[in-house]
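Chains as they are written, first to last, in our numbering: chain A, 10 to 366; chain B, 1474 to 1744. Each residue gets a CB set at the ideal place from its N, CA and C atoms; glycine is no exception.
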Ligand code: SF4
């Protein structure tokens, strides 16, 4: 891909490559990663481009090492990123928890594959709980962004760096093997020059200032509770300010599809180009931030809806957040595919007709 | 005795009255970077001596303001409370990876890790070997006391054969637990490391040798020569169930049989 994309030019790239390019444009100057399918194009893109554009690329000896190198680079005050796929993201959880405890910003991209265990390399959405409930040990949340197109991979990767800086937290970009591997036309030229926030806390040596110590060890229970309360305050602010979503379809829809990422992509097709005429109006509710989840908006839509069909490439994880938001306002149904299977538009259409016609 | 010439007036006649500060000769004082606090270390523990040497060496090399330390998980987890420089903690065993990130972002800073045997040679062995193999331009201070101190005395990878610990109550049996792991000799198989040495802190002579090696290790980094590791055989009287003096003698008489002292590799000397 041409990294010096001229104004107004559109490039045909994969989601993985788009994430790499957007990260570099967002001012990411440190990346450490470890090979795993289906995100290898991202690592390869960064390995090729980042050193040419003033940054550091390291192929780490493990996912553990990779996330801890990112820890070090972030502590040093630079914008840093790692990426992996589901099994590798499990290994990174230790480091993510420490980064939360140390208030270190970073971007972590998960190009999900199907599990549990080694599972397979097909696209899946089984890491929703892990991404939205913290994932590692301790009481924390990470902002989780869910792109559903290659353009959105680009835009949300860029945004992830700003959010990580603003709230001094790791931010997860939760893609999947489909989003990572598919190629679409993308624009990068609208991304502004990066503006990392000042980092007075960073480790840069001490000339002209008192020393900085970055740590998550807080031995007195009162001190650790105070820190946790501070985190909870930050999370309350994030829930107020950072909810992002998209609703596609008629305002007076009777039935809602609720999905993110690849499953949202299929659902949107049913709303915009239905396979067959449906005897009711359908709209798609698509969270872009999985955490914070767009609870208020979904509750409002549920007031007017006859029912909601949640479509997930997992046993049903986001459906929990849907249930909490809807709180009994309308019935909720689930179409769950697992093992790397992508629900088809026909399958979803059938289910809609069976449930709501 | 190198501390100034005040009061060195033997044979010289002086008529002016000397002020108090001229008379005072500083023989021993706290290094600038060693914070004026009580440490949590047990009596006779080697960490105190090593913290002091670290502070002295960084000050003498003039790099206190460039230094960034990576603290371990283990007894020295609070090292940042004692030495007045920039520090970060690292998860158990991950210090070399954290140091890699720091040093690659700030090649002009002096980055070191301070790690115990469980941290460096057990849970963090992969990070240790790969940072060494990449030749990261960092300094690793490896405190080997052959035991897990902070978690109350379990077997470490460096525990001696026959040594009793909480998890080897009848002594370490190599049949089931393997042998004391020799980190310097292991890393000596790699191409990239430039300085690998084993030393101790149990006599004044050893303390001086350790200080010289530590200084050399930091100089390697400052001159961009590459990766160095200084292994320090360090007493843990508490979990060796010995008095401090017994622990010191145990190192000299017994521990050094399994872990011979000396410079295992010094690429600068060889060149
Ligand atoms: S337990 Fe051992 S290593 Fe830890 S502080 Fe006490 S003497 Fe030192």
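Using the DSSP secondary-structure output, state which residues sit across from residue 132/A in a beta bridge. DSSP lists 122/A as partners of residue 132/A.
Residues from the segment 202 to 230 of chain A in contact with chain B, defined by Cβ distance under 8 Å: Answer set for the segment 202 to 230 of chain A: 212, 213, 214, 215, 216, 220, 221, 222, 223, 224, 225, 226.
For the segment 261 to 268 of chain A against the segment 306 to 324 of chain A, are there 3 or more C-beta pairs whose distance is under 8 Å? Contact holds: three or more Cβ-Cβ distances are below 8 Å.
Am I right that residue 1531/B and residue 1540/B are in contact with their C-beta atoms under 8 Å? What's the rounded C-beta distance? That pair is a contact at about 5 Å.
Just to check my reading of the structure: residue 1690/B and residue 1668/B have Cβ atoms closer than 8 Å, yes? What is that Cβ distance to the nearest angstrom? Rounded, the Cβ-Cβ distance is 6 Å, consistent with contact.
Would you list, in sequence order, the uninterrupted beta strand (DSSP E) runs of no fewer than 3 residues that lie entirely inside the segment 1590 to 1617 of chain B? Qualifying beta strand (DSSP E) stretches, in chain order: 1612 to 1617.
Please state the DSSP three-state secondary structure of residue 147/A. Under the three-state reduction of DSSP output, residue 147/A falls in the coil class, being neither helix nor strand.
Among the residues of its own chain, which have a CB less than 7 Å from the CB of residue 1738/B, if the five just before and after it don't count? Excluding residues within five positions, the ones whose Cβ falls inside 7 Å are 1661, 1666, 1668, 1669.
Report all residues from its chain with a CB closer than 6 Å to the CB of residue 138/A; omit the five preceding and five following residues, and keep chain order. Around residue 138/A, the same chain offers 326 as residues with beta carbons nearer than 6 Å, after the five sequence neighbours per side are excluded.
Beta-carbon contacts of residue 82/A that lie in its chain and below 7 Å, excluding the five residues immediately before and after: Closer than 7 Å at Cβ, skipping near neighbours: 39, 89.
Mind checking who residue 1542/B pairs with in its DSSP beta bridge? DSSP lists 1560/B, 1585/B as partners of residue 1542/B.
Find the residues of chain A that neighbour residue 1564/B, judging by a C-beta separation of less than 7 Å, and give them in chain order. Within 7 Å Cβ-Cβ: 77, 103, 104, 107.
For residue 422/A: DSSP bridge partner residues: Not covered by the structure: residue 422/A. The range shown for chain A is 10 to 366.
Kindly examine ligand 1 and report whether one of its heavy atoms sits closer than 7 Å to the Cβ of residue 1710/B. At least one heavy atom of ligand 1 lies less than 7 Å from the C-beta of residue 1710/B.
With a CB to CB cut of under 8 Å and the five nearest residues on each side skipped, what residues in its chain are close to residue 1633/B? Correct list, in chain order: 1619, 1645, 1653, 1727, 1728, 1731.
Looking at chain B, which residues of the segment 55 to 71 of chain A have a Cβ within less than 9 Å of any of its Cβ atoms? So the list reads 65, 67, 69, 70, 71, given in the order they occur along the chain.
CA nearest to the CA of residue 1705/B, picked from 1698/B, 1712/B, 1711/B, 1687/B: Checking every option, the nearest Cα to that of residue 1705/B belongs to 1687/B.
Proximity test, Cβ basis, 8 Å: residue 236/A and chain B: It does not: the Cβ of residue 236/A has no partner Cβ on chain B nearer than 8 Å.
I'd like to know if residue 1553/B contacts chain A, where contact means its C-beta is closer than 8 Å to some C-beta of that chain. It does; some Cβ of chain A falls within 8 Å.
Does the beta-carbon of residue 1591/B, which I'm using as the reference point, lie nearer than 7 Å to any heavy atom of ligand 1? No - ligand 1 has no heavy atom lying nearer than 7 Å to the Cβ of residue 1591/B.
Taking DSSP's pairing of strands, which residues face residue 1730/B in a bridge? BP columns for residue 1730/B are empty, so no partner.
Per-residue burial, residue 289/A [other beta carbons within 10 Å of its own, 16 or more giving buried]: So residue 289/A counts as exposed.
With distances taken between CB atoms, is the gap from residue 1569/B to residue 1613/B smaller than 8 Å? Their beta carbons are under 8 Å apart, which means residue 1569/B touches residue 1613/B by this criterion.
Excluding five sequence neighbours on each side, which residues of the same chain lie with their C-beta closer than 7 Å to the C-beta of residue 205/A? Counting only residues of its own chain and dropping the five nearest sequence neighbours on each side, residue 205/A has a CB closer than 7 Å to the CB of 36, 88, 174.
Within 8 Å, do at least three Cβ pairs link the segment 24 to 34 of chain A to the segment 43 to 61 of chain A? Because the criterion of three Cβ pairs below 8 Å is met, the segment 43 to 61 of chain A and the segment 24 to 34 of chain A touch.
Identity of the residue in 1561/B, 1525/B, 1496/B nearest residue 1417/B by Cα: There is simply no residue 1417/B to check, as chain B begins at 1474 and stops at 1744 in what is shown.
What's the call for residue 322/A, buried or exposed, on a 16-neighbour Cβ count within 10 Å? Its Cβ being crowded by 16 or more others within 10 Å, residue 322/A is buried.
Taking just the CA atoms, how far does residue 1504/B sit from residue 1483/B? With a pLDDT of 39 at residue 1483/B, under the threshold of 50, the modelled position of that residue is not reliable, and the figure given next carries that caveat. Distance between the alpha carbons of residue 1483/B and residue 1504/B is about 29 Å.
Meets three-Cβ-pair contact criterion under 8 Å: the segment 184 to 201 of chain A and the segment 220 to 234 of chain A: The answer is no - the segment 220 to 234 of chain A does not touch the segment 184 to 201 of chain A, with fewer than three Cβ pairs under 8 Å.
Tell me which residues of the segment 1574 to 1595 of chain B have at least one Cβ-Cβ distance to chain A shorter than 9 Å, keeping chain order. Going along the segment 1574 to 1595 of chain B in chain order, one finds 1574, 1575, 1576, 1577, 1578, 1579, 1581, 1582, 1583, 1584 with a Cβ nearer than 9 Å to chain A.
Expected contact under 8 Å - CB spacing of residue 361/A and residue 280/A to nearest Å: Going by Cβ atoms, the distance from residue 361/A to residue 280/A rounds to 11 Å, so no, they are not a contact pair.
Where does residue 156/A fall in DSSP's three states? Three-state result, residue 156/A: coil.
Closest by C-alpha distance to residue 217/A, when choosing among 1518/B, 1538/B, 1520/B: Out of 1518/B, 1538/B, 1520/B, 1538/B has the C-alpha closest to the C-alpha of residue 217/A.
Supposed contact pair residue 1735/B and residue 1671/B - C-beta distance, whole angstroms, cut 8 Å: Contact annotation, residue 1671/B with residue 1735/B: C-beta distance approximately 6 Å; criterion of less than 8 Å satisfied.
Just grab the DSSP bridge partners of residue 204/A for me. BP columns for residue 204/A are empty, so no partner.
With distances taken between CB atoms, is the gap from residue 285/A to residue 186/A smaller than 8 Å? No, the pair does not count as a contact, with Cβ atoms beyond the cut-off.
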